[in-house]
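Remarks on the structure that follows.
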Amino acid sequence: MTSYKELGLVNTREMFAKAVAGGYAIPAFNFNTMEQMQAIVQAAVETKSPVIMQVSKGARAYANGTILRNLAKGAVEYAKELGCENPQIVLHLDHGDTFEICKECIDNGFSSVMIDGSHLPFEENIALAKKVVDYAHQFDVTVEAELGVLAGVEDEVSAAESHYTQPEEVIEFSQRTGCDSLAISIGTSHGAYKFTPAQCTRNADGILVPPPLAFDILHAIEEKLPGFPIVLHGSSSVPQEEVATINKFGGNLPDAIGIPEEQLREAAKSAVCKINIDSDSRLAMTAAIRQHFAEHPDHFDPRQYLKPARENMKKMYIHKIVNVLGSNNKL
Ligand SMILES: [Zn+2]
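Residue 335 in our numbering sits at position 205 of the sequence shown, and the numbers go up by one each step.
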């Protein structure tokens, strides 16, 4: 058993309480590689922001859970080396789908886990979440549960259509599970193709404009659970300049579309205190690498193209922290 406390990590309890009270949200960035970890830590240190580094099932399959846990341990030490005396870094399991996966992560240094029973009937979702909460809380690990289903594809999580969270269910769900935060479905979506063109309108430049988030549902949930930490998944904005760079240098991502940042900024001012961003990091990395290869066809040292990729991701993370989430200077 490795406690996250030995690794210098923290759970989400205190940072969520502060974020809800302060009207901002904590960034939850997925990571699979050392370069992503470095970019996340550099961005968090430079902006003095708490940060959640999250690991999906796909990340564990790709990079190995032990390696990712040690990267998170390294992240804490790296943040200190960069001059941050008291880094607030959470290592979070994204979309745990069984009790066993959550337990394995809790036993191996994760400070927070998500149990995603959102596809299950209400009673089964409660029973599964409660089982994880009862185990996690023995070790002071915090638990995110989910009510409502997001559309889209994220690693092995996929659903054809979304089902908005029912505000009348959230009180019973949070009380009976004892979860520390609740992921809700209000129109965000996983992946870089969050909406079909048919669901959108086009602006004067021909860029797709997605349907707005269901703020009425968010506000109804906040009324039922005042001050309770709410989480938004699938909240990449799919920056059109990165998509354009990818397409310019040989990529093919027609009509990739995300959640407008103004809507996320508005959500961050409410009880939404964790906003998950994954696709934007993938796009920033891919855009920089495609451009680098196009401009330097003779390069073959991974350091030559991963360095600009890391720089581009860091720029994106800083932009999100400062201009969208508002978590800068909150350490
Ligand atoms: Zn998700």
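Think of the CB as a built atom: it goes at the ideal place given N, C-alpha and C, for glycine as much as any other residue.
Next item on the list: Buried or exposed for His477, please, with buried defined as at least 16 other CB atoms from any protein chain shown within 10 angstroms of its CB.
Entry: Within the shown structure, residues of the chain are numbered from 131 to 461, placing residue 477 beyond reach of any answer.
Next item on the list: Output yes or no for whether 9 Å exceeds the beta carbon distance between Glu165 and Met443.
Entry: yes
Next item on the list: Please confirm if the region 352-368 is in contact with the region 317-328, defined as three or more CB-CB distances below 8 Å between the two stretches.
Entry: yes
Margin query: Could you give the first and the last residue of the continuous alpha helix (DSSP H) run that contains Thr142?
Written below: No alpha helix (DSSP H) contains Thr142, which DSSP labels as neither H nor E.
Check: What is the C-beta distance between Tyr154 and Ser457, in whole angstroms, given that I count them as a contact (C-beta under 8 Å)?
Finding: Yes, they are in contact, since the Cβ atoms of Tyr154 and Ser457 sit about 5 Å apart, within 8 Å.
Margin query: I need the straight-line Cα distance from Lys203 to Asp227, nearest angstrom please.
Written below: 24 Å
Margin query: Assuming Cys214 is part of the beta strand (DSSP E), what are its boundary residues?
Written below: Careful: Cys214 lies outside any beta strand (DSSP E) and carries neither H nor E.
Note to self: Between which residues of its own chain and Pro438 is the CB-CB distance below 8 Å, once the five residues before and five after are set aside?
What the structure shows: Ala418, Ile419, Gln421 and His422
Next item on the list: Select from Ala313, Asp264 and Ala374 the residue whose C-alpha is nearest the C-alpha of Ile351.
Entry: Ala313
Item checked: Classification of Glu136 by the beta-carbon crowding that lies within 10 angstroms, buried from 16 upward -> exposed
Notebook entry, point to check: Does ligand 1 have even one heavy atom less than 8 Å from the beta-carbon of Cys410?
Noted result: The question names Cys, but residue 410 is Asp in the sequence shown. No.
Note to self: Taking only three categories from DSSP, how would you classify Gln184?
What the structure shows: strand
Checklist line | N-terminal and C-terminal residue of the alpha helix (DSSP H) that Phe229 is part of | finding: Phe229 to Asp237
Notebook entry, point to check: What whole-angstrom Cβ distance do Ile245 and Val271 have, given they're in contact under 8 Å?
Noted result: Wrong, their Cβ atoms sit about 11 Å apart, outside the cutoff.
Check: Ala158 and Gly357: beta carbons closer than 9 Å?
Finding: no
Notebook entry, point to check: So, are the CB atoms of Leu212 and Phe161 less than 9 Å apart?
Noted result: no
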